[in-house]
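Undergrad: Letter by letter, the sequence shown follows residues -19 to 199 of my numbering. Ideal placement from N, C-alpha and C gives every residue a C-beta, glycine not left out. Just so you know, these numbers come straight off a predicted model, no measurement behind them. Next up is a structure, given as structure tokens.
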Amino acid sequence: MKIQNKISAFLKKEKWQAGFRILLLVMVSIFLFIGSAFITERGLEIENVRTLQPLISEVAKEEGMMEYLPYIKGIIMLESAGTGTDVMQSSESKYGVPNKITSQKESLEAGISFLKQAIEKAKEMDCDIWTAIQAYNFGLSYIHYVAQHGKKNTIPLAETYSEQMLASKNAKGEHQKYRYWKLKAMKYNGGYLYRDGGNFFYAEQVAFNMKILKFFHQG
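Dropping the structure here:
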């Protein structure tokens, strides 16, 4: 009986170990697949931004914004991944409505001009550069808000502004949320943004893009 028990225990252990090995293999495979997809996608984005480099530099030079090239490219990577006509998604800042931009140069001119306004306003109100970057998404009024709340952009501050000043409400007067499957968002709040509330992770994501571009010598 003791021998049978030992054999039974051994077989159970072997089955458990085999199951664990299979599970581990599946998890590693999924991780490698996701990692490969992420690297491929990022590689395409970096190449798109690299292709735009001459035009970005031309417009930035005209606007006196050459020192902010890394920020501009980080924004482009987030806004459009360097594809399409409106690479800086600047139609609304120029025309008040989307889909009016007719060329990449026009998009860059409008986008860099707006960013310049944001940076100048942030300096004027003694706020940090990331306040200006976040204002590219939220609008210039955000700079006034930050100036009254510590003069430094943070995710919690941007979230409060998004919820209280921008987000829409449902019939019950509640702010509506939607899923946002980005790593930073998943770590911070489980992955959500407020509907019509902009992206309160915007500055953080631009900073991350800048690090990626710098790593690949495109920053």
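Could you give the DSSP three-state label for Y125: helix, strand or coil?
TA: helix
Undergrad: For L164 and P136, I'd like the C-alpha separation in whole angstroms.
TA: A small correction: the amino acid at residue 164 is Lys; Leu does not occupy that position in the sequence shown. Going by the C-alpha atoms only, they are around 13 angstroms apart.
Undergrad: Could you name the residues that DSSP lists as bridge partners for K157?
TA: The partner list for K157 (beta bridge, DSSP) reads Y174.
Undergrad: If contacts are defined as beta-carbon pairs under 8 angstroms, then A147 and Y174 qualify, I think. What distance do you get, rounded to the angstrom?
TA: Correct: roughly 4 angstroms between the Cβ atoms.
Undergrad: I'd like the list of long-range same chain contacts for F181, defined as Cβ closer than 7 angstroms, with 5 residues on each side in sequence excluded.
TA: I135, K162, K164 and A165
Undergrad: Whole-angstrom Cβ separation of M68 and E59, contact assumed at under 8 angstroms?
TA: M68 to E59, Cβ: 6 angstroms. Contact.
Undergrad: In whole angstroms, what is the alpha-carbon distance linking E43 and I92?
TA: 7 angstroms
Undergrad: S70: buried (16+ other C-beta within 10 angstroms of its C-beta) or exposed?
TA: Label assigned to S70: buried.
Undergrad: Leaving aside the five residues before and after M190 along the sequence, list all residues of the same chain whose C-beta is less than 8 angstroms from its C-beta, in chain order.
TA: P50, Y51, K53, G54 and G199
Undergrad: Mind checking who K194 pairs with in its DSSP beta bridge?
TA: For K194, which the question treats as bridged, DSSP gives no partner whatsoever.
Undergrad: Given that a residue counts as buried once 16 or more other Cβ atoms are within 10 Å of its Cβ, and exposed if not, what is G62?
TA: buried
Undergrad: Looking only at its chain, what residues have a beta carbon closer than 7 angstroms to the beta carbon of S142, apart from the 5 residues adjacent to it on each side?
TA: Y174, G177, G178 and F180
Undergrad: Work out the CA separation of V186 and K195 for me, nearest whole Å.
TA: At residue 195 the sequence reads Phe, which differs from the Lys that was named. When rounded, the distance between both Cα atoms is 14 angstroms.
Undergrad: Determine the direct distance from the alpha carbon of G170 to that of S37, and round the result to whole angstroms.
TA: 38 angstroms
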